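Enquirer: Here it is: the structure, laid out below.
Protein chains: 4
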Amino acid sequence: MPSIGIGLIGTGYMGKCHALAWNAVGPVFGDCPIVRLVHLADVDATLANQKAAAFGFSRSTGNWRDLLSDPDVEVISITAPNAFHPEMAIEALNAGKHIWCEKPMAPKFADALAMREAARKSGRAAVLGYNYIQNPMVRQIEKFLAEDAIGEVNHVRIEMDEDFMADPAEFFYWKSDASSGYGALDDFAVHPLSLIRMLFGRIASVTTDMARPYSDRPVRGGGRRAVETHDIASVLFRLEQGASGVLMTNRAAWGRKGRLALQVFGSKGSIVYDQERMNEVQIYRTGTAAGEAGYTSILAAPSHPPYGMFVPAPGHGLGFNDLKVIECRHLLARIAGEPAHVIDFEKGVDIERAVHAMAAAHEKRGWVDIEYD
Amino acid sequence: MPSIGIGLIGTGYMGKCHALAWNAVGPVFGDCPIVRLVHLADVDATLANQKAAAFGFSRSTGNWRDLLSDPDVEVISITAPNAFHPEMAIEALNAGKHIWCEKPMAPKFADALAMREAARKSGRAAVLGYNYIQNPMVRQIEKFLAEDAIGEVNHVRIEMDEDFMADPAEFFYWKSDASSGYGALDDFAVHPLSLIRMLFGRIASVTTDMARPYSDRPVRGGGRRAVETHDIASVLFRLEQGASGVLMTNRAAWGRKGRLALQVFGSKGSIVYDQERMNEVQIYRTGTAAGEAGYTSILAAPSHPPYGMFVPAPGHGLGFNDLKVIECRHLLARIAGEPAHVIDFEKGVDIERAVHAMAAAHEKRGWVDIEYD
Amino acid sequence: MPSIGIGLIGTGYMGKCHALAWNAVGPVFGDCPIVRLVHLADVDATLANQKAAAFGFSRSTGNWRDLLSDPDVEVISITAPNAFHPEMAIEALNAGKHIWCEKPMAPKFADALAMREAARKSGRAAVLGYNYIQNPMVRQIEKFLAEDAIGEVNHVRIEMDEDFMADPAEFFYWKSDASSGYGALDDFAVHPLSLIRMLFGRIASVTTDMARPYSDRPVRGGGRRAVETHDIASVLFRLEQGASGVLMTNRAAWGRKGRLALQVFGSKGSIVYDQERMNEVQIYRTGTAAGEAGYTSILAAPSHPPYGMFVPAPGHGLGFNDLKVIECRHLLARIAGEPAHVIDFEKGVDIERAVHAMAAAHEKRGWVDIEYD
Amino acid sequence: MPSIGIGLIGTGYMGKCHALAWNAVGPVFGDCPIVRLVHLADVDATLANQKAAAFGFSRSTGNWRDLLSDPDVEVISITAPNAFHPEMAIEALNAGKHIWCEKPMAPKFADALAMREAARKSGRAAVLGYNYIQNPMVRQIEKFLAEDAIGEVNHVRIEMDEDFMADPAEFFYWKSDASSGYGALDDFAVHPLSLIRMLFGRIASVTTDMARPYSDRPVRGGGRRAVETHDIASVLFRLEQGASGVLMTNRAAWGRKGRLALQVFGSKGSIVYDQERMNEVQIYRTGTAAGEAGYTSILAAPSHPPYGMFVPAPGHGLGFNDLKVIECRHLLARIAGEPAHVIDFEKGVDIERAVHAMAAAHEKRGWVDIEYD
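If you read the sequences in order, they're chains U, E, L and B.
Just so you know, this note's numbering puts the end of the first sequence at 682, numbered straight through with nothing missing.
Just so you know, this note's numbering puts the end of the second sequence at 682, numbered straight through with nothing missing.
Just so you know, this note's numbering puts the end of the third sequence at 682, numbered straight through with nothing missing.
Just so you know, this note's numbering puts the end of the fourth sequence at 682, numbered straight through with nothing missing.
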């Protein structure tokens, strides 16, 4: 049985999430190469060592470049802060490694392009961590659309909201610093953009309003500092296929914890979905008898692959981490040259392009057409 | 006990709704003047006669101007098509009648201004039929905001969607004709605008995207005709108080029947409401113990006045028509010179102004600042 | 146009509810005799006088028997406390009046039988106030069952819960006194029993557990008194048609305000309904494509008669009081000798019989078979 | 760092679930002994070999007794059919192994007692697979109860429903054979019983109605065979602490996929939970301001341990398999002699006793008091 050697950079939220996925992908799917957890890097070498034991990696290091020179490492998970993605991804690709990189690609668009170029040259798999597209219920939406269940899509609304920036009494930290990016738009809106990209294709034009719920924040040690990023972004858009849409994102939305809510309207029906109830999708279809029309709420089940690889009974529920396991399986498929449902660096650049166009539209106070290459 | 004489123009959807309200307002509230149902007008005199019997009116006519000269009529309900509102309202005010006029005021802004002018001159009550603001749960939202329950409001989203224009196989009819107005924006968006006006104040600036889900429709008898109005309108806005917001409306939204969904985000919490479940409102507040935070879903109850005038038991539910009864009670208060929670022709002009600004922003493909007088 | 003269006994919760219905039934349906509000009785003559003005009755009295001798009164609404129902209903029927009597019929079963006997002899309409069966969504359930939409029903669960007895600090009042009846069972469970009777037919056998959440309550003025009734009743039952079922009722259920929740399981699907969201019904049906099965949530609409008599637009919502208007229309149909969907004194006795059998089963600590005549 | 050697019997639904848990427990919690996957048994040796590779076990066998003699195996997961539990568990305990055994313990009560006896003698950990008690939201309910958030519990309702036996056209298979047990009661009702046991303590007395939705089923090859088990069971019960309750279970409930719905009523509030939305729990509490009372819907979050070990962000959702990982962690705690939240063979016998008492009550058509030892 073939095997594959794994390197992992980072041990935080997403580092652990990748580690869990690498541990689970074999037992869940049963049809992958044997996963060898080879080398774990964290800037804190002691932490790297400790986490290597917990996660099951054989070796650890405080220097991520050690993974590039480790011949046992064939694929590298990159979960370091966004600013490090470009150099890590490019050097790793140049070293012949496959890449599984967390989203978004990079704070600067030029870097995203360079990453894509490196991926093209290397011929290696370069996949981004857009896990929500892997939800079997989102795949079911895709299936509904492919089967023309709601007719031609003419309007889309998508919201992504959490409340980790909602407390005005929280101290200023790097997410409010301009160097971190635009704010909700790139920190966050890339998730709804990944759904749009996979379900409806590319965005043609946008106009944007970004807003700051709090103009400044207290600074640890005293005083206040002006907030430089925008925790709220609202975007009107047109898809290349012609439909109009609205994208809304707010990382200061008290009460919202993992909301990623989609409404799709078509000529024969509509679809509603919310990641906070990630095991459900709702569809409304015309053609029912009088008095019998309504939204049908479908619970996740083995008839929504690959749900059944996790649980053979319907309605028992997948969790957030399971989506990463599915993503990991698709990454392995891509590495093996098989069909894979992923956002790679090609599609990733489309998303980054849309983000920067949205920010430009805010500056311009008008519409921006997006030019794809 | 004092009494008041009523005239009603129109016997359709809203005509009947007004008639039901006039019949119910006394028994429900028990503190109003005795309502005398005097005179009913419909362009179809036979229908007027038949409906007068059903609704309990003493007299009927095929000529609405007969109501103006009827000395027993003190207040006139105007439920004729929007295009007739200006002449009916202005002549009635000039004749010394109080006015209860369905929304919106008029297709043309100049007419709305003339109506306001007539109301100012007459000194009569001139109230518009924005019934959703009367929902006790909407009043509870108002109360929450007044009590600072969610802190300073910094973001608002509001959606109004129905599906009566959703079927592309429906024949072209007047709602797709440019003479009917912009489409969803004025036919529809005035309802969310009424909520915004009452809960948050005036809108300062807007940018808009209006869209046509179907470019043309079949014509009865053969052929197809281009659709001239827009069934979808999406608007980014800023309130005068500073918050950003999004207003979305779609009258071709399959599956949505009476959706008027509001999300309000503040510095200490958030509020969620949907007219399709009009007896519920949800609030999220900070300050709970760890692990206990969440949206509290409040069911309509006697503690939400004037719910208790309808049912003394909580959770038993008001209906759409009950809102009109409440509106009617406020109209009577306004006529009596008492405090009244209404959208009168003053506030109504603010709403019309916002509608026209939104349409202008669509044309301009940019932001429009709204100038109020 | 024919007319009908109305008498009303009682001006409390249900008295007002009847008054509202009598005012609305003509304008809503437009096809009834003209309703003349003739005579209003309340034990408090002053209150009767005041309410007569508010509700629109011509005359008032402190003596309900005045209504029996009033030749203008053709039908009498009885909304006095349950203990008065027998003498009022029997005397009124004997006086040739039609009866619209609030539920339940009487605290003692013998009295219910006597009421039925009086109705039989009189040939008059004798209809009970079981309004929940009038909900268009409940009628839709009936339609689904008649059309075999979920196959043969094999299991039913029904819950009725409110929280008006939930506070243990509330003073002892008559609802805790044995003279008021069993407690939740007759005060309350008659509503679910009315649904069972109309949807599934008669109950064959029962076993019951009644419980007291609080053994005693404070007495106004000092001391405590033992609670004699049972605020909770749970019943296992078998229907005559063979299905098993569970009936649960709790009037001390904190958080429940008007819950009347039904689950119906059949060989081809299931139906779920809750009165707290009275404008919705959910159905699950087999026969869908893989991955597309789920509960469809249907919103009340004109396709659920007589919803459209209230509002021509779907999803706009009826309220609790509207159900009484529908009930009133059916009463008028019964009086006119037309088909009517009502629980009359015949079906009412079936319900009372079930209640007393349930109480007997609690005493016996075993199953009781119900013998119908 | 210490390690622990694992054996697993069975590779079906629960076998895989255990395997996934053993793979994940270390990476998720980071504070356990290193898990060595030693030996996998399945009656089909080829399958055992194949699954050993997929799940990461070092050795495999077609004879489960090989695990007993394997010195590297310290704890054995038993996921074979229920009828095999007694001999496997007893022999394994006698061989000095710790046991993680799927529920229920055994078809016959005497066998359950023998299993408990073996566990007592061995001094080994003997833990049952009641995973729903591990849901952080169920733990939150436990916390609410411990903190007196809803006062004294006086009524409980619990439902467990799925639809895997709902299709009457399905062929007769072993679940309808009397040798498999009672039907829904033991196949299923043990899950709600596990929640009752952990949240409220032991059940004192019961009365039961078991029912067959379908009297017979087609047999593969022709003809029909009478169904011997009961797919529906409804139980009235009293807890030792005094509260009344209802337990309902139906494995022929079309539309229900993984419903495990709990309602808890207390003197100061109530709690509502449904496993189909396993990341939510609702609580209603008294003491709010007028007009502000309602159910608060809490989303799973790091403040509900050990949710945060899986995901550091709130509202992102755990899945069914994650509950097994938590259960596994508690098993390891029990093995280590640390406090553990588990249903061991002691509490397991309480549950089995309740199941058999319920079946006896059905036979007796009356109440049965449960005698615990």
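Glycine residues also receive a C-beta, built at the ideal position from the N, C-alpha and C atoms.
As the structure is a prediction and not an experimental result, all values here were calculated from the model.
Applying the criterion that 16 or more other CB atoms from any shown protein chain within 10 Å of the CB defines a buried residue, is U:W373 buried or exposed?
Expert: Taking the first residue of the first sequence as position 1, residue 373 of chain U is located at position 64. Buried, by the Cβ-count rule.
Enquirer: Report, in whole angstroms, the separation of the C-beta atoms of L:L504 and L:V447, which I expect to be a contact under 8 Å.
Expert: As a working mapping, residue 504 of chain L is identified with position 195 in the third sequence. As a working mapping, residue 447 of chain L is identified with position 138 in the third sequence. Going by Cβ atoms, the distance from L:L504 to L:V447 rounds to 7 Å, so yes, they are a contact pair.
Enquirer: Starting from L:A475 and walking both ways along the beta strand (DSSP E), at which residues does that stretch end?
Expert: Counting from one through the third sequence, the residue named residue 475 of chain L turns up at place 166. Unbroken run through L:A475: none, as it is neither H nor E.
Enquirer: State yes or no: is the beta carbon of L:L545 nearer than 9 Å to at least one beta carbon in chain B?
Expert: Walking along the third sequence from the start, residue 545 of chain L turns up at place 236. Closer than 9 Å to some Cβ of chain B, the Cβ of L:L545 qualifies, so yes.
Enquirer: Measure the alpha-carbon distance for B:S489 versus E:I459 and round it to whole angstroms.
Expert: As a first step, residue 489 of chain B must be located in the fourth sequence, where it is residue number 180. As a first step, residue 459 of chain E must be located in the second sequence, where it is residue number 150. Cα to Cα, B:S489 sits roughly 56 Å from E:I459.
Enquirer: So which residues on chain E does L:P621 lean against when the C-beta distance must stay under 8 Å?
Expert: Reading the third sequence from its first residue, position 312 is the one you call residue 621 of chain L. Those are Y322, listed as they occur along chain E.
Enquirer: With a floor of 3 residues, list each beta strand (DSSP E) that falls wholly inside the segment 453 to 511 of chain B, ordered by position along the chain.
Expert: Here the runs fully enclosed are 462 to 470.
Enquirer: Rounded to the nearest angstrom, what separates U:G617 and U:G675 at their Cα positions?
Expert: The sequence position of residue 617 of chain U within the first sequence is 308, counting from 1. The sequence position of residue 675 of chain U within the first sequence is 366, counting from 1. Distance between the alpha carbons of U:G617 and U:G675: 47 Å.
Enquirer: Beta carbons nearer than 8 Å to chain U: which residues of the segment 602 to 626 of chain L have them?
Expert: Under the 8 Å Cβ criterion, the segment 602 to 626 of chain L contributes A602, G603, Y604, T605, S606, I607, L608, A610, S612, H613.
Enquirer: Closest Cβ-Cβ distance between L:Q572 and chain U: below 9 Å?
Expert: Start at 1 with the first residue of the third sequence, and residue 572 of chain L comes out as number 263. With 9 Å as the cut-off, L:Q572 does not count as an interface residue toward chain U.
Enquirer: Flag E:V664 as yes if its beta-carbon sits less than 9 Å from any beta-carbon of chain U, otherwise no.
Expert: Here the question's residue 664 of chain E lines up with position 355 in the second sequence. Chain U contact via Cβ: absent.
Enquirer: Going by DSSP, what residue range makes up the beta strand (DSSP E) through U:Y593?
Expert: Against the first sequence, residue 593 of chain U aligns to sequence position 284. Per DSSP, U:Y593 belongs to the beta strand (DSSP E) from 589 to 594.
Enquirer: Establish whether the CB of U:H464 and some CB of chain E are separated by less than 9 Å.
Expert: Against the first sequence, residue 464 of chain U aligns to sequence position 155. So yes, U:H464 belongs to the interface.
Enquirer: What does B:I541 reach in chain L if we use C-beta pairs closer than 8 Å?
Expert: Numbered from its first residue, the fourth sequence carries residue 541 of chain B at position 232. Going along chain L in sequence order, the residues near B:I541 (Cβ under 8 Å) are N463, H464, S553.
Enquirer: For E:G314, which residues from the same chain have a beta carbon less than 7 Å from its beta carbon, with the 5 sequence-adjacent residues on both sides left out?
Expert: Within the second sequence, the letter at position 5 stands for residue 314 of chain E. Here the set comprises R345, V347, D381, V382, E383.
Enquirer: Can you name, in chain order, every residue of its own chain whose Cβ lies under 7 Å from the Cβ of L:A513, other than the five neighbours on each side?
Expert: As a first step, residue 513 of chain L must be located in the third sequence, where it is residue number 204. Taken in chain order, the residues that qualify are R547, L548, E549, D678, I679.
Enquirer: Tell me the DSSP secondary structure of U:C410 in three-state form.
Expert: Position 101 of the first sequence, counted from the first residue, corresponds to residue 410 of chain U. Residue state, collapsed to three classes: strand.
Enquirer: Can a CB atom of chain U be found closer than 9 Å to the CB of L:V591?
Expert: Start at 1 with the first residue of the third sequence, and residue 591 of chain L comes out as number 282. Looking at the sequence provided, one finds Gln at residue 591 of chain L rather than Val. With 9 Å as the cut-off, L:Q591 counts as an interface residue toward chain U.
Enquirer: Between U:E468, U:F393, U:Q359, which has its C-alpha nearest U:K566's C-alpha?
Expert: For this step, residue 566 of chain U is matched to residue 257 along the first sequence. Comparing Cα-Cα distances from U:K566 to each of U:E468, U:F393, U:Q359, the minimum goes to U:E468.
Enquirer: Decide if U:S378 is buried, meaning its Cβ has at least 16 other Cβ atoms within 10 Å, or exposed.
Expert: Here residue 378 of chain U is taken as the residue at index 69 of the first sequence, counted from 1. So U:S378 counts as exposed.
Enquirer: DSSP three-state label for U:F366, please.
Expert: Taking the first residue of the first sequence as position 1, residue 366 of chain U is located at position 57. Correct three-state label for U:F366: coil.
Enquirer: Just the C-alpha distance for U:E655 and U:R433, rounded to the nearest angstrom, thanks.
Expert: The residue given as residue 655 of chain U occupies position 346 in the first sequence. The residue given as residue 433 of chain U occupies position 124 in the first sequence. So the two alpha carbons sit approximately 12 Å from each other.
Enquirer: Taking a cut of 8 Å between CB atoms, which residues from the segment 434 to 449 of chain L lie near chain U?
Expert: Under the 8 Å Cβ criterion, the segment 434 to 449 of chain L contributes Q449.
Enquirer: Using the C-alpha atoms, what's the distance from E:D495 back to E:F418?
Expert: By 1-based counting over the second sequence, the position of residue 418 of chain E is 109. By 1-based counting over the second sequence, the position of residue 495 of chain E is 186. Answer to the nearest angstrom: the Cα atoms are 11 Å apart.
Enquirer: If contact is defined by three or more beta carbon pairs under 8 Å, each pair taking one atom from either stretch, is the segment 600 to 615 of chain B in contact with the segment 597 to 614 of chain E?
Expert: The segment 597 to 614 of chain E vs the segment 600 to 615 of chain B: in contact.
Enquirer: Any chance you could list the beta strand (DSSP E) runs of at least 3 consecutive residues sitting entirely within the segment 342 to 366 of chain U, in chain order?
Expert: As far as the segment 342 to 366 of chain U is concerned, its whole beta strand (DSSP E) runs of at least 3 residues are 343 to 350.
Enquirer: In chain L, which residues lie with their C-beta within 7 Å of the C-beta of E:L329?
Expert: In the second sequence, counting from the first residue as 1, residue 329 of chain E sits at position 20. Those within 7 Å of E:L329 in chain L are A333, P336, V337.
Enquirer: Hey, would you say U:A498 sits closer than 9 Å to U:V544, going by beta carbons?
Expert: Locating residue 498 of chain U in the first sequence gives position 189, where the first residue counts as 1. Locating residue 544 of chain U in the first sequence gives position 235, where the first residue counts as 1. Their beta carbons are under 9 Å apart, which means U:A498 touches U:V544 by this criterion.
Enquirer: Using a Cβ cut-off of 9 Å (strictly closer), state whether B:D496 contacts chain U.
Expert: Indexing the fourth sequence from 1 puts residue 496 of chain B at position 187. With 9 Å as the cut-off, B:D496 does not count as an interface residue toward chain U.
Enquirer: With distances taken Cα to Cα, identify the nearest neighbour of L:Q443 among L:D631, L:P648, L:E661.
Expert: In the third sequence, the residue the question calls residue 443 of chain L occupies position 134. Looking at the Cα atoms, L:D631 is the closest of the given residues.
Enquirer: Give me, in chain order, the residues of the same chain whose beta-carbon lies closer than 8 Å to that of L:I399; leave out the 5 immediate sequence neighbours on both sides.
Expert: Within the third sequence, numbered from 1, the residue matching residue 399 of chain L stands at position 90. A423, M424, A427.
Enquirer: Suppose the cutoff is 6 Å on Cβ atoms and the five residues either side in sequence are ignored; what does the same chain contact list for B:R529 look like?
Expert: By one-based count along the fourth sequence, residue 529 of chain B stands at place 220. Hits under 6 Å: F480.
Enquirer: Cβ of L:G324 within 9 Å of Cβ of L:T370?
Expert: Numbered from its first residue, the third sequence carries residue 324 of chain L at position 15. Numbered from its first residue, the third sequence carries residue 370 of chain L at position 61. For L:G324 and L:T370, no; Cβs fall outside 9 Å.
Enquirer: Count the other CB atoms, across all protein chains shown, that sit within 10 Å of the CB of E:P623; report buried if there are 16 or more and exposed otherwise.
Expert: Here residue 623 of chain E refers to the residue found at position 314 of the second sequence. It is buried - the Cβ of E:P623 has at least 16 other Cβ atoms within 10 Å.
Enquirer: In angstroms with no decimal places, state the Cα-to-Cα distance between B:R466 and L:G564.
Expert: Indexing the fourth sequence from 1 puts residue 466 of chain B at position 157. Indexing the third sequence from 1 puts residue 564 of chain L at position 255. The alpha-carbon atoms of B:R466 and L:G564 are separated by roughly 15 Å.
Enquirer: Is there a Cβ from chain U that is less than 9 Å from the Cβ of B:C326?
Expert: Counted from its first residue, the fourth sequence places residue 326 of chain B at position 17. Chain U contact via Cβ: present.
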